[in-house]
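Undergrad:
Number of protein chains: 2
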Amino acid sequence: MTANAYQSLATRFARIGAIDDAAGILGWDAQTFMPDGAAEGRAEQIAQLRVIAHEILTAAETGDLIAEASDDETGLGTWERANLREMRRAYHHASAVPGDLVAASSKASSHSEMVWREARAGSDFAMLAPHLAETLRLQREVGEAKGAALGLAPYDALLDGYDPGMRQAAIDPLFAELRAILPGLIEVIRDRQASLPTPIPLPGPFPVEAQKALGLTLMRAAGFDFHRGRLDISLHPFCGGATNDVRITTRYDETDATRALMGVLHETGHALYEQGRPATWLHQPVGNARGMSMHESQSLLIEMQACRSAEFCAYLAPRLREAFGGQGSAWDADNLHRLYTRVEPGLIRVDADEVTYPAHILLRYDLETAMIAGDLAITDLPGAFNEGMRSLLGLAVPSDRLGCLQDIHWPGGSFGYFPTYTLGAMAAAQFFRAACEDLPGIQADLAEGDFTAMRGWLGENVHGRGSFLETDELLVATTGKPLGAEDYMRHLRHRYLGEG
Amino acid sequence: MTANAYQSLATRFARIGAIDDAAGILGWDAQTFMPDGAAEGRAEQIAQLRVIAHEILTAAETGDLIAEASDDETGLGTWERANLREMRRAYHHASAVPGDLVAASSKASSHSEMVWREARAGSDFAMLAPHLAETLRLQREVGEAKGAALGLAPYDALLDGYDPGMRQAAIDPLFAELRAILPGLIEVIRDRQASLPTPIPLPGPFPVEAQKALGLTLMRAAGFDFHRGRLDISLHPFCGGATNDVRITTRYDETDATRALMGVLHETGHALYEQGRPATWLHQPVGNARGMSMHESQSLLIEMQACRSAEFCAYLAPRLREAFGGQGSAWDADNLHRLYTRVEPGLIRVDADEVTYPAHILLRYDLETAMIAGDLAITDLPGAFNEGMRSLLGLAVPSDRLGCLQDIHWPGGSFGYFPTYTLGAMAAAQFFRAACEDLPGIQADLAEGDFTAMRGWLGENVHGRGSFLETDELLVATTGKPLGAEDYMRHLRHRYLGEG
Numbered sequence: 340m341t342a343n344a345y346q347s348l349a350t351r352f353a354r355i356g357a358i359d360d361a362a363g364i365l366g367w368d369a370q371t372f373m374p375d376g377a378a379e380g381r382a383e384q385i386a387q388l389r390v391i392a393h394e395i396l397t398a399a400e401t402g403d404l405i406a407e408a409s410d411d412e413t414g415l416g417t418w419e420r421a422n423l424r425e426m427r428r429a430y431h432h433a434s435a436v437p438g439d440l441v442a443a444s445s446k447a448s449s450h451s452e453m454v455w456r457e458a459r460a461g462s463d464f465a466m467l468a469p470h471l472a473e474t475l476r477l478q479r480e481v482g483e484a485k486g487a488a489l490g491l492a493p494y495d496a497l498l499d500g501y502d503p504g505m506r507q508a509a510i511d512p513l514f515a516e517l518r519a520i521l522p523g524l525i526e527v528i529r530d531r532q533a534s535l536p537t538p539i540p541l542p543g544p545f546p547v548e549a550q551k552a553l554g555l556t557l558m559r560a561a562g563f564d565f566h567r568g569r570l571d572i573s574l575h576p577f578c579g580g581a582t583n584d585v586r587i588t589t590r591y592d593e594t595d596a597t598r599a600l601m602g603v604l605h606e607t608g609h610a611l612y613e614q615g616r617p618a619t620w621l622h623q624p625v626g627n628a629r630g631m632s633m634h635e636s637q638s639l640l641i642e643m644q645a646c647r648s649a650e651f652c653a654y655l656a657p658r659l660r661e662a663f664g665g666q667g668s669a670w671d672a673d674n675l676h677r678l679y680t681r682v683e684p685g686l687i688r689v690d691a692d693e694v695t696y697p698a699h700i701l702l703r704y705d706l707e708t709a710m711i712a713g714d715l716a717i718t719d720l721p722g723a724f725n726e727g728m729r730s731l732l733g734l735a736v737p738s739d740r741l742g743c744l745q746d747i748h749w750p751g752g753s754f755g756y757f758p759t760y761t762l763g764a765m766a767a768a769q770f771f772r773a774a775c776e777d778l779p780g781i782q783a784d785l786a787e788g789d790f791t792a793m794r795g796w797l798g799e800n801v802h803g804r805g806s807f808l809e810t811d812e813l814l815v816a817t818t819g820k821p822l823g824a825e826d827y828m829r830h831l832r833h834r835y836l837g838e839g
Numbered sequence: 340m341t342a343n344a345y346q347s348l349a350t351r352f353a354r355i356g357a358i359d360d361a362a363g364i365l366g367w368d369a370q371t372f373m374p375d376g377a378a379e380g381r382a383e384q385i386a387q388l389r390v391i392a393h394e395i396l397t398a399a400e401t402g403d404l405i406a407e408a409s410d411d412e413t414g415l416g417t418w419e420r421a422n423l424r425e426m427r428r429a430y431h432h433a434s435a436v437p438g439d440l441v442a443a444s445s446k447a448s449s450h451s452e453m454v455w456r457e458a459r460a461g462s463d464f465a466m467l468a469p470h471l472a473e474t475l476r477l478q479r480e481v482g483e484a485k486g487a488a489l490g491l492a493p494y495d496a497l498l499d500g501y502d503p504g505m506r507q508a509a510i511d512p513l514f515a516e517l518r519a520i521l522p523g524l525i526e527v528i529r530d531r532q533a534s535l536p537t538p539i540p541l542p543g544p545f546p547v548e549a550q551k552a553l554g555l556t557l558m559r560a561a562g563f564d565f566h567r568g569r570l571d572i573s574l575h576p577f578c579g580g581a582t583n584d585v586r587i588t589t590r591y592d593e594t595d596a597t598r599a600l601m602g603v604l605h606e607t608g609h610a611l612y613e614q615g616r617p618a619t620w621l622h623q624p625v626g627n628a629r630g631m632s633m634h635e636s637q638s639l640l641i642e643m644q645a646c647r648s649a650e651f652c653a654y655l656a657p658r659l660r661e662a663f664g665g666q667g668s669a670w671d672a673d674n675l676h677r678l679y680t681r682v683e684p685g686l687i688r689v690d691a692d693e694v695t696y697p698a699h700i701l702l703r704y705d706l707e708t709a710m711i712a713g714d715l716a717i718t719d720l721p722g723a724f725n726e727g728m729r730s731l732l733g734l735a736v737p738s739d740r741l742g743c744l745q746d747i748h749w750p751g752g753s754f755g756y757f758p759t760y761t762l763g764a765m766a767a768a769q770f771f772r773a774a775c776e777d778l779p780g781i782q783a784d785l786a787e788g789d790f791t792a793m794r795g796w797l798g799e800n801v802h803g804r805g806s807f808l809e810t811d812e813l814l815v816a817t818t819g820k821p822l823g824a825e826d827y828m829r830h831l832r833h834r835y836l837g838e839g
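Residue numbers (this note's numbering), protein chains in the order written: chain A, 340 to 839; chain B, 340 to 839.
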């Protein structure tokens, strides 16, 4: 009976997976090739698919089958059990929120996201405030409803939606460690940086075709499978698409070759995870990537750990020079490495280097946990944001456009997402170190543009495991310890201070 | 109550429409940008969406709501009533076929279509025969099941699925007329053609970029709305996509400028129909195009009636010359018109000119009606096909690859589709003549590349009516008479014999 219930569930979740894949391709198309007049219809198509998937997921029969299958798991193998655990998680998350709250919060988020675009352009926080307040109010309700069903505090319940198993109690000590070390570390790093040669900017222009060709070459080198994916152009780069059909995008700027190139490598890191998910479980929950922290760890591992390393810069520099017909010492590997590891506190999160990036996250984490707890009102957000920028990075925020209006997350209803960026950076350092310890040739390989060993390690240890293990189980199995800040700090001290 | 039932149906069918739109974009992507390794997953995604739409359509509740709404239509306006009629039609077609027959016939068709690709390449009919026989057997069952529910003979029931309201009894006399006239007409036309200057082929090469630019210019001139559609490249040109998002495709050959250019104009005709559907009914059955004959009439009206006319050739010739840097008399309008209206019996349907094209259809219509009636066995198909080609076009078929293996329709399970090509050609002539009688400036406008008046007429009389009228009602309302061969014959005699 249990096996039958499990099989019925597998069929149900395969259908949900196919619908999610369909929505993934429609979403990709909306950002790449869709004509502008199709936007409204496309939103409706995607919304209908989401509703259908939600209906299948939250149907009473799904709950009954999960109860029946969970009642006696003896007939199931370890992967089936893990799959059932992930089905349960998805079911509880989705069914915890009443239908009218789903509709209201989704509508409010869409609306405040729309208002945000205009408010940001005009640096007009007052314009956004009432809509953001409504979005927050509804997200708090969602967090409470999920929390009640999952036995979690509201913020943990929201966090769990992005990063299964992650809790505020686990993040707090990790972030406290960063908070204690980071300001001093940034200062020391900047002092040392000042004593080194100032990096020479690469002289452009950088024709789009040459950028694209080089990007494709590096994707191929990193192991991107073009039989199961593509590179295209969109205003905001992303990794999306569907199972066995991973679509990444970038945006080219003819005055700057670094942004698209490093962006492509970042998205390639996400794509390798998606393309490396366990082949026999692709259409089941256990075959999905483990969560946003782990996903970000894979993009940062490729971009930050591997491709901004001195080794990879040695490989890249002559190829960059050749691609753009570069002359002079700006194109030397040393200068390239200095350019790619330049530390400079700035106002904009997405432009931040890997040393100052966590400061942006610590600030947002403090603010969003306070907002969800009811300890910070929307009207007090700009002041709190600006005060945080002053204390964490020593910067004065000249306008809300460059301050608390810069990110889409909160207006779009995403509370609990921000910490995954920095948790991912920590995990990236931890995975990379473990990989290099297991296979000491990895760094020398990178100097030859050879990702084979590293990709093999990631495929076996991370990608191919999908959601079989919980996040900390995965880290313990792979690196011998749970997620921590140690390897990340060691990485920063090694790269930026020449230690270790 | 009826109004409530109708509203519930409208909501249901809007959801089905959104799913169909989603499948349309996924289908377009599969033919244009999708990486090859994604094919299997994509087939699964589209199949799941089709199953979901089918489940919504055939749900018992849908039937109950239709019965309730149909019970008393007094509260409904004329468009609502027509919408309800189209809902009923869709419901009866879908619910007439038992689920296991739907699955079996769809699976058999997919499989025989796959075998067909290999069998065609090797001109190996014996390889296809058992699979085609199975597909035919199941399509006969589908025809019988639908026929029983709709009160129609099996072939009529299949035909009705492509062309609502069309019947074999209506086609037979029209095709008999063509059969009587066509062979003699072809002979007379070819004799006259032999007395005129032999058209000089346009000397290539024709760079893809120049072909594309000219195609886009002509699409724009014809009224294609690029805010609600695109032109891309695919192996087999088509018009697809979604509501307010019409995707047409072409394929470029640098040695031949005519195929892509006329192909783009043909698909633009389909696209104008889709883009011109009634704005307030876009997501309801009554807002759909009327059926395959009417759809083909719109593509042939643009390509054959308008764009291969002497008037349009006068507009096009200098632009073609400029686009490809052409020199000499090959680029003169007269020569271009002779090239675009060359009559030459050939083996391949899709390459046929508009005079010999109906012969290919008469043959296939005879064969498929006999197959569905059980009067022609698959093993006798090649002989019957070749005999038909001899008697209708005087051609010997050297191999099945160039004979009965050339088309995807039958292996793909499409019986009842072929006649719509020639019914569409008749309707195109009938619409075009009526438009020119209503607005006598249309032909002079075409000589200026101005489609405005013609498009306005089509928009008002055909496109904007969606499925509000049945096919013959539409023709009577628009041209004063039901579908006939008269205007089509008159068109051929005018264009190819200089009569009238």
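Note that CB positions come from ideal geometry on N, CA and C, so glycine has one too. Keep in mind it's a predicted model, so treat the numbers as computed, not measured.
1. To be precise: take each residue of the stretch 366–378 of chain A, compare its Cβ to all Cβ atoms of chain B, and keep it if any distance is under 7 Å. Which residues remain?
2. Please list the partners that D584 (chain B) has in chain A, where partner means a Cβ-to-Cβ separation under 8 Å.
3. Count the other CB atoms, across all protein chains shown, that sit within 10 Å of the CB of R647 (chain A); report buried if there are 16 or more and exposed otherwise.
4. By how many angstroms is the C-alpha of P546 (chain B) removed from the C-alpha of G664 (chain B)?
5. For D739 (chain B), count neighbouring Cβ atoms within 10 angstroms of its own Cβ and tell me buried if that reaches 16, exposed if not.
6. Does the count of Cβ pairs from the stretch 804–813 of chain A and the stretch 360–379 of chain B closer than 8 Å reach three?
7. Compare the C-beta of G626 (chain B) with all C-beta atoms of chain A and state if any pair is closer than 8 Å.
8. Between D360 (chain B) and chain A, is the shortest Cβ-Cβ distance under 8 Å, so that the two count as touching?
9. Find out if the Cβ-Cβ distance for the pair L423 (chain B), Y345 (chain B) is shorter than 8 Å.
10. Give the single residue among B:A581, B:A458, B:R479, B:I687 whose Cα lies nearest to the Cα of L741 (chain B).
11. Kindly indicate the opening and closing residues of the alpha helix (DSSP H) around I539 (chain B).
12. Quick one: what's got a C-beta closer than 6 Å to G356 (chain B)'s C-beta in the same chain, skipping five residues either side?
13. Establish whether the CB of G568 (chain B) and some CB of chain A are separated by less than 8 Å.
14. Give a yes or no on contact between the stretch 770–790 of chain B and the stretch 716–729 of chain B, applying the rule of three or more CB pairs nearer than 8 Å.
15. Report yes if the CB atom of R567 (chain B) is closer than 8 Å to the CB atom of D584 (chain B), and no otherwise.
16. Measuring alpha carbon to alpha carbon, tell me which residue in A:T759, A:A672, A:D673, A:F372 is nearest M505 (chain A).
17. Check each residue of the stretch 348–359 of chain A: if its Cβ is closer than 8 Å to any Cβ of chain B, include it; give the result in chain order.
18. So A533 (chain A) contacts chain B; which residues on that side make the cut at Cβ distance below 9 Å?
19. From this set, A:H605, A:A618, A:A515, A:R794, which residue's C-alpha is nearest L702 (chain A)'s C-alpha?
20. For Q478 (chain A) and S534 (chain A), which I take to be in contact (beta-carbon distance under 8 Å), what is that distance rounded to the nearest angstrom?
21. For A596 (chain A), tell me which candidate among A:E526, A:A552, A:E412 has the shortest Cα-Cα distance.
22. Out of B:S449, B:T417, B:A433, which has the shortest C-alpha to C-alpha gap to A488 (chain B)?
23. Shorter than 8 Å from the beta carbon of L388 (chain B) to some beta carbon of chain A?
24. Measure the CB-CB distance between E642 (chain A) and A628 (chain A) and report whether it falls below 8 Å.
25. Just grab the DSSP bridge partners of V585 (chain B) for me.
26. If we ignore side chains and look at the alpha-carbon of each, how far apart do S451 (chain B) and R459 (chain B) end up?
27. Do A764 (chain B) and Y696 (chain B) have their CB atoms nearer than 8 Å?
28. If you run the structure through DSSP and keep just helix, strand and coil, what is D692 (chain B)?
29. I'd like to confirm the pairing. Which residues does DSSP put opposite D719 (chain A) in its beta bridges?
30. Can you name the residues of chain A whose CB is closer than 7 Å to the CB of Q346 (chain B)?
31. Taking its Cβ as the centre, do 16 or more other Cβ atoms sit within 10 Å of D439 (chain A), making it buried, or is it exposed?
32. Give the interface partners of I391 (chain A) over in chain B, defined as CB-CB distance under 7 Å, in chain order.
33. Provide the residue span of the alpha helix (DSSP H) that contains H431 (chain A), from first to last.
34. Pairing CB atoms from the stretch 460–471 of chain B with CB atoms from the stretch 509–528 of chain B, are three or more of them under 8 Å?
35. Could you tell me which of A:S668, A:I385, A:R427 sits nearest to A349 (chain A), measuring between CA atoms?
TA: For this structure:
1. D368, F372, M373, P374, D375, G376, A377
2. M373, P374, G376, A377, G380, R381
3. buried
4. 11 Å
5. buried
6. no
7. no
8. So yes, D360 (chain B) belongs to the interface.
9. yes
10. B:I687
11. It is not in any alpha helix (DSSP H) - I539 (chain B) carries neither H nor E in the DSSP assignment.
12. H622
13. yes
14. no
15. yes
16. A:T759
17. R354, A357, I358
18. Chain B residues near A533 (chain A): none, gap ~47 Å exceeds 9 Å.
19. Nearest of A:H605, A:A618, A:A515, A:R794 to L702 (chain A), Cα basis: A:A515.
20. About 47 Å separates the two Cβ atoms, so there is no contact after all.
21. Of A:E526, A:A552, A:E412, the residue nearest in Cα terms is A:A552.
22. Of the listed residues, the one whose Cα sits closest to A488 (chain B) is B:A433.
23. yes
24. no
25. B:G568, B:G580
26. 12 Å
27. yes
28. In this structure, D692 (chain B) counts as coil in the three-state DSSP scheme.
29. Per DSSP, none; premise fails for D719 (chain A).
30. Per Cβ cutoff of 7 Å: no residues; Q346 (chain B) is ~17 Å from chain A at best.
31. By the neighbour-count criterion, in which 16 or more other beta carbons inside 10 Å mark a residue as buried, D439 (chain A) falls on the exposed side.
32. Chain-ordered, the chain B residues with CB closer than 7 Å to the CB of I391 (chain A) read I391.
33. From DSSP, the alpha helix (DSSP H) with H431 (chain A) extends over 417–435.
34. no
35. When each option's Cα is compared against that of A349 (chain A), the closest is A:R427.
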